[in-house]
Each structure stands twice: as structure tokens, then as C-alpha cells.
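For the sequence shown, our numbering gives the first residue as 746, with consecutive numbering after it.
By construction, the Cβ of each residue, glycine as well, lies at the ideal position given by its N, Cα and C atoms.
The structure displayed is predicted, hence computed values, not measured ones.
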Amino acid sequence: MISSIGRNFPDLRVLDGTLAGAVRFAVTTRDGGASTGVFESGNLADHVGDLPAAVADNRASLTRHLGAERGLAVIAAEHGASSKWVHEPGIYGQVDALVTDVAGLGIVALGADCAVIGIGATRGNGSSVAGVAHCGWRGLVLDVVASLVEQIESAGGRNLQAVLGPTICGSCYLVDESRAQQVVQACTPGVARAAVRASTEVGCYQLDVRAGVKQRLVELGVHVRYEYPCTAEDDRWFSYRSAANRFGPAAQTGRHGLGVVIGAADAGESGDAGESG
Ligand SMILES: [Zn+2]
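In C-alpha cells:
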């Protein structure tokens, strides 16, 4: 058992807001957490080499910010397209999206360039449904966004509203022709146009994961209510690409998170995130 004596009591800096129904979200930043070194300071991932006690403190801080009295269900992403319905806290592997209708259960996606997406929806009986997903270029190819949206809608969710968390943009993510072609061939024409652009570097393409995910959400009828900046351009967030540019491909970095929770029906007038309209 780990003693809390002498430990930090971090208060992660988060940006938050409200989605449809009683669904609230929080986007964590690097600031205010317990981690040090390359994980400074808000790292939420336990698979990247950070101290478990620091990660636990940071997750506890996110739990408090969300008001998630039933705890957190966290995606251990595998870059697939599976979506899972959850009722309990825990770490969920072999999925890239989680959906719940349990009030007070925070569901969390982690990222460091890949898109982190939160959705809130209402149901006919007045209750809410919440979902989160993690989506990089493979997620675009496999269409994890559609998996998430379909699971919410099959549970009766309507009036879907999304927050698109900090995600790498095309200017900051160059890929080779084969990866660009995979995205073009697998995605809808609209997503392919939004996500893949020629680069001035010979043989390279810009892959705009953020624009691709946003386009896919719009195509599926989801209102993108909040958007956050590019991870590689804004040092409030972790970016694997930035770390790799500085320290090489073996560079370590942390993960920020996007959590959503179903609160009490009348909760949540806060919101310091910029609405994107
Ligand atoms: Zn960028």
C-alpha cells in the first residue's frame, strides 16, 4: 500500500464545458499535475514509463474535476475501431471508444497527438448517454468515429454534441505516400479531402487527423461544439511528434486526457472552453 504522506496533491489544470443532456467534459493539460521530467506534470498514462503513484494522483485529480464519484473508465487504446459499453470503472484494453449511461462514471480517452473525442447525447426519456474515443490515422482508416456514434445512437442517443480535444494538425504531421493512400482509399471522399493534402516535401503528404475527425463527425450528423488546438503547436498539451522531433523516435512523453461524465440534470453552468459554434 502506498502512503500518501509526502506525496503531491495535484490539481490538474483542466478546461471544461457542457455537452448535450447532463453531460460535462474536462480536457486536461500538462499543468498542475504530480509527474516530473518528460511527463511533467499532468501525465495520465500508466504505460509510458511514468511513476505509478504520480499517474494515480493525476487520475484522482481528473476524477475530482469531473465529479466522477463512481470513478474513471479509461481507454487503453489499441488503434482499432471497437466501441464498448461500460458500467464500471477500470482500464479497458482492445477498445478505442467507450459509451455509458451511468451517471457519475467518468469515461476517459488519452492522447498525445491522436484525437481525443467526447460526445454527449440525450434520450427520449430525458436521460443522457456519453461517449469518448481515441483516433489517430489508423482510427480514421477503421472509422472508430462511426463506431462510437453508432453505439450511442443504437442506445437511443439523439442530439449528439461533441468536443474535439487537442489533436495534431496537417502542418505538423507529414506521412509517406502509402499511409496517405490508405486514408484516401478507406475514408469517405469528404474525410479524405479534409485529412490528406500534398506537402512541399517530396514524397510526403500532410495528414490532418484533426480535420479528418471533425469532417467525419459532421458527416454523421454530430454537432462539434468545442474544438481545441494542435498538440504539436501548443505546449499546453503532450505531443509525441514534438518530443520525437526533439529527442528522436524513442522519445518518451506523457498523455493528456479528455473525460466526460453524466452529472445531475441541472448541473454544469461552468465552461471556460471556447465554443466553436
Ligand atoms: Zn499543428
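Distance, residue j Cα to residue i Cα
i     : j    : result
R1008 : V840 : A small fix is needed here, since residue 1008 is Gly in this sequence, not Arg. One C-alpha to the other measures close to 24 angstroms.
V963  : V890 : 11 angstroms
A956  : T945 : 19 angstroms
S872  : V847 : 10 angstroms
D761  : D791 : 23 angstroms
D953  : A937 : 10 angstroms
E785  : G869 : 43 angstroms
M746  : G915 : Any reading at M746 must be qualified, since the residue scores a pLDDT of 36, below 50, and its modelled position is unreliable; the value itself is stated next. Cα to Cα, the separation comes out at about 45 angstroms.
Y985  : T998 : 6 angstroms
G993  : V831 : 37 angstroms
L757  : D776 : 6 angstroms
T763  : A866 : 11 angstroms
S892  : G782 : 36 angstroms
D888  : A925 : 15 angstroms
V894  : V793 : 29 angstroms
S899  : R991 : 44 angstroms
T808  : G851 : 7 angstroms
S806  : G816 : 11 angstroms
P934  : S827 : 23 angstroms
T845  : E972 : 22 angstroms
L965  : V941 : 19 angstroms
G1016 : H968 : At G1016, the pLDDT of 41 sits below 50, so the modelled position is not reliable; the number obtained from the coordinates is stated separately. About 17 angstroms.
N904  : L919 : 35 angstroms
Whether residue i touches residue j by CB criterion (7 angstroms)
i     : j    : result
A860  : T912 : yes
G902  : V874 : yes
R970  : Q906 : yes
A767  : S780 : no
R909  : K959 : According to the sequence displayed, residue 909 carries Leu and not Arg. It is a contact, given that the beta carbons lie within the stated cut-off.
D802  : P755 : yes
A854  : A878 : yes
G1004 : A822 : no
A818  : G838 : no
C975  : C917 : yes
L843  : I820 : yes
DSSP three-state assignment for residue i, whether helix, strand or coil
i     : result
N803  : helix
E972  : strand
T763  : strand
A798  : helix
L1051 : For the chain, the structure presents residues 746 to 1022; residue 1051 sits outside this window and is missing.
L757  : coil
V963  : helix
Beta-carbon proximity list for residue i, same chain, < 7 angstroms, skipping 5 on both sides
i    : result
D921 : G948, C949
P797 : D791
Cutoff 6 angstroms; reference residue i; Cβ partners in own chain excluding five residues on either side
i    : result
A996 : A988, A989
G863 : F770, V877, V908, L1003, V1005
R961 : V890, V936
H810 : V759, A771
Q778 : Note that residue 778 is Gly in the sequence shown here, rather than Gln. Here the set comprises P755, L757, S786, G787, N803.
A939 : A956, G957, Q960
Cβ-based neighbour list, residue i, same chain, cut-off 8 angstroms, excluding 5 preceding and 5 following
i    : result
E814 : G849
V886 : Q927, V928, A931, C932
G812 : R769, G849, V1006, G1008, A1012
R883 : H824, G825
T774 : L757, R758, V759, L760, G787, R981, W982, H1001
A943 : Y950, Q951
Cβ of residue i within 7 angstroms of any chain D Cβ
i    : result
V920 : Chain labels in this structure do not include chain D; a single protein chain is all it has.
Next item on the list: Let me know the beta strand (DSSP E) ranges lying completely inside the stretch 885-957, each 3 residues or longer, listed in chain order.
Entry: 903-909, 919-921, 941-943, 949-952
Next item on the list: Please list the segments of the beta strand (DSSP E) lying wholly inside the stretch 768-796, counting only runs of 3 or more residues, in order along the chain.
Entry: 768-773
Margin query: My parser needs the beta strand (DSSP E) runs of 3 or more residues fully inside the stretch 830-878; what are they?
Written below: 835-838, 842-845, 851-856, 860-867
Next item on the list: Can you check the stretch 974-1012 for any alpha helix (DSSP H) of at least 4 residues that lies completely inside it and give the ranges in chain order?
Entry: 985-992
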